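Counting in the working numbering, the sequence shown runs from 831 upward without gaps.
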Amino acid sequence: MNPYEQAYAAACNDPESFWAEQAAQLIWYRTPTAILQRDAQGHQRWFANGQLNTCYLAVDAHVEQGRGAQTAIIYDSPVTGVQQKISYAELQEQVARCAGMLRELGVGQGDRVIIYMPMIPQALTAMLACARLGVIHSVVFGGFSAAELAVRIDDAKPKLLVTASCGIEVGRVLPYKPLVDKALSLAKTPPQQVVLVARAQCEADLQVGRDHDWDSLMQAAPSVAPVAVAATDPLYILYTSGTTGKPKGVVRDNGGHAVALNFSMSAVFDAQPGEVFWAASDIGWVVGHSYIVYAPLLRGCTTLLYEGKPVNTPDAGAFWRVIGEHRVKVFFTAPTAFRAIRREDPDLKLAAAHDLSCLKAVYVAGERLDPSTYQWLHSFLPCPVVDHWWQTETGWPIVANPLGLTAYPTRSGSATLPVPGFQLEVLDDQGQPCATEQAGNIVIKLPLPPGTLLTLWQDDARYVDSYLSTFPGYYLSGDGGYRDQDGYVFVMGRIDDVINVAGHRLSSGALEEVLGTHPAVAECAVVGLDDALKGEMPVGFVVLKQGAAIDPQTLQAELVQSVREAVGAVASLRRVHVLKRLPKTRSGKILRKTIRALALTPQVPIPATIEDATVLDELRELFEREGCYSQPPRERG
């Protein structure tokens, strides 16, 4: 067996020995001997009697090993024109002071702190300082609405909130303090203290007795050493969207999280200490938690903190500039970012100006990497392009090409193979194994590996119901897909994105794959809209590449024909609409459910995670023109 096969078999056959070996790579205050504990419901606890500190492992350990002068963080902010390099020794000093500041404000082990921040170094400092004290942090994406921030405050019940005076978007400054003040007025259990980082681009009024200036407190704060915490103590709460409208607070532990992320940096990303690792995401998302903050620092890499966009800061060459300038070895972003770049610069004229020879690999996740975008990237990048799949709940990759163990040939549309620790299976709706190439429910056999969610904050019954009850003995991912004859995994999208046309179940991902191959199409989405005869009918929505000149009717005819040839007449795709933009979350996921809802009524709740709510106006106007709102619901679409 090759190294990947050996690791995968070991993790399946004897998970306790396998993960005990991985845990031995870290420094523990108390080495765990109880490696895995499980109960009848499916709950699990990894390294239950071990003690460690995540901040110590991510910062202090590297200084003690003589690498304090190495750069820990590169801050690159094209929206402000600021660049900064922070060494591990400097980071240690700042984090120790920040922990002292928190302790002086009365925050201690087990308390919660909400961090509502832009992409600035102080955000990482605050996260690590919480970990240093055993405080549970909950990062909320900077710029979230006051109402959504209030919901998270009432769920987490934080003792303190850390924020900044503003975030900076392309062409505008977004003041945070008015949003924070409104959220605190809406919340039933608001924190009694707020710490604010003042930015030059926006002033903020401080409320006497409640609000504090970050810089003033940091200057006076004592340095505090890391405290030992139980491996099973929560490190953070991260909220993800829930189907009930109430966000789900995913709880991550300290010990399993550190072990899993350190393993992933080696096995999946092949990232070595001292190398520059860049995850172009935001700390408000799980990618930011895992691969901007914790994993690169646990591994001893240099992590890159980028405050900007893939386009318009200043142009579609922004990512290539950062990679070349800072000699990034491993790059990670969402497919939607590359689609935005491709739309603006399809011929890669801006990329040609930068030296990308430093790249060892480019990783994409967050949405399925469509074959068209994959081929475009593969045509010019000097390194492998690795699609991989995982979730907020798992915290690290479930399926990937494990370059640090064995590099496999890539297959367009596939995220390759399950990562050691994840026993992936595909089951039909009755819980029976699907045949090769047969689409079904992607599930993971219990136990889940370390680093995955412990439960949902203050709602364990919902955790069991959402993830463990559908197929006993398995974790339900909520995604559908299939495996080919060689075991390669093809993730086709959320189970609720399956379109049922006269009893035929069609994957939106399979249809989008066809639309995305058209040379004029930059991005696309396919959703099932109500149809009186067939139940649902797939309808396409596309965004054209910059400069693409094609008549919409001609484009529709070509796309309909392509789907008929690739999928068959059963697909019944008849209409394709051209949009200026698709509705997406801030992390780049297309809001297909919102498109479906808008086809039924112009009044839909605005998703909390939407990047720009004004994009919904174009869809409302489209559905109004199509007569959707003047017909009975089952005849709409």
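No residue lacks a Cβ here, since even glycine has one placed at the ideal position from N, Cα and C.
Quick caveat: nothing in here was measured; it's all calculated off a predicted structure.
Taking 3 residues as the shortest admissible run, the stretch 974-1014 contains the following complete beta strand (DSSP E) segments, listed from N- to C-terminal end: 990-994, 996-999 and 1002-1005.
Your pair PHE1252 and VAL1273 does not check out as a contact, with CB atoms roughly 10 Å apart and the cut at 8 Å. Rounded to whole angstroms, the separation of the alpha carbons of LEU963 and ASN883 is 9 Å. When DSSP states are grouped into helix, strand and coil, TRP1150 belongs to the helix group.
In this chain, the alpha helix (DSSP H) harbouring ARG1129 covers 1125-1129. According to the DSSP assignment, GLN874 belongs to the beta strand (DSSP E) that extends over 874-876.
Of the candidates GLY1339, GLN1391 and LEU1389, GLY1339 places its Cα closest to the Cα of ARG1422. In chain order, ALA1017, LYS1018 and THR1019 place their CB closer than 6 Å to the CB of ASP984, counting only its own chain and leaving out the 5 sequence neighbours on each side.
Proximity to GLN1433 across LEU1446, THR1439, GLU1441 and TYR1193 peaks at LEU1446, based on C-alpha coordinates. In the DSSP annotation of this structure, the continuous segment of the beta strand (DSSP E) that includes CYS1354 starts and ends at 1351-1361. By the neighbour-count criterion, in which 16 or more other beta carbons inside 10 Å mark a residue as buried, TYR1193 falls on the buried side.
By the neighbour-count definition (other C-beta atoms within 10 Å, threshold 16), LYS915 is an exposed residue. In the three-state reduction of the DSSP assignment, PHE1093 falls in the helix class.
Inclusion of VAL1106 and THR1132 in the CB contact set at 7 Å is warranted, their separation being smaller than that value. CA-to-CA, the gap between CYS1032 and THR993 works out to about 13 Å. Excluding five sequence positions before and after LEU1009, the CB atoms of its chain that fall closer than 6 Å to its own CB belong to ALA976, given in chain order. When secondary structure is reduced to three states using DSSP, MET1322 falls in the strand class. Comparing alpha-carbon positions, the option among ILE1122, GLY1138, ASP941 and ASP1112 lying closest to PRO908 turns out to be GLY1138. A distance of 7 Å or more separates the beta carbons of ALA929 and ALA891.
The DSSP-derived three-state label of GLY936 is coil.
With three or more CB-CB distances shorter than 8 Å, the stretch 1343-1351 counts as touching the stretch 1384-1403.
If you look at ARG942, you'll find it in the beta strand (DSSP E) that goes 942-946.
When the beta-carbon positions are compared, GLN852 and PHE1168 stay at least 7 Å from each other. Within the DSSP secondary-structure output, GLY1270 pairs in a beta bridge with GLY1311. If you look at PRO1239, you'll find it isn't in any alpha helix (DSSP H); DSSP assigns it neither H nor E. It is roughly 37 Å from the alpha-carbon of HIS873 to the alpha-carbon of GLN924. Taken atom to atom, the span from the alpha-carbon of ASP1112 to that of CYS996 is near 15 Å.
Counting along the chain, the unbroken beta strand (DSSP E) around GLY1370 starts and ends at 1365-1374. According to DSSP, LEU1284 shares a beta bridge with no other residue. The three-state secondary structure of CYS928, taken from DSSP, is helix. ARG1198 has its alpha-carbon roughly 38 Å from the corresponding atom of GLN922. For TYR886, the CB contacts under 8 Å within the same chain, skipping 5 residues up- and downstream, are ILE857, ARG962 and PRO1056 in chain order.
Three or more Cβ pairs closer than 8 Å define a contact, and the stretch 1140-1155 meets that threshold against the stretch 1179-1186. The three-state secondary structure of GLY1339, taken from DSSP, is helix.
In this structure, DSSP gives LEU1135 an extended state, which the three-state scheme calls strand. For LEU1430, there is no enclosing beta strand (DSSP E); the enclosing alpha helix (DSSP H) has its first and last residue at 1422-1430.
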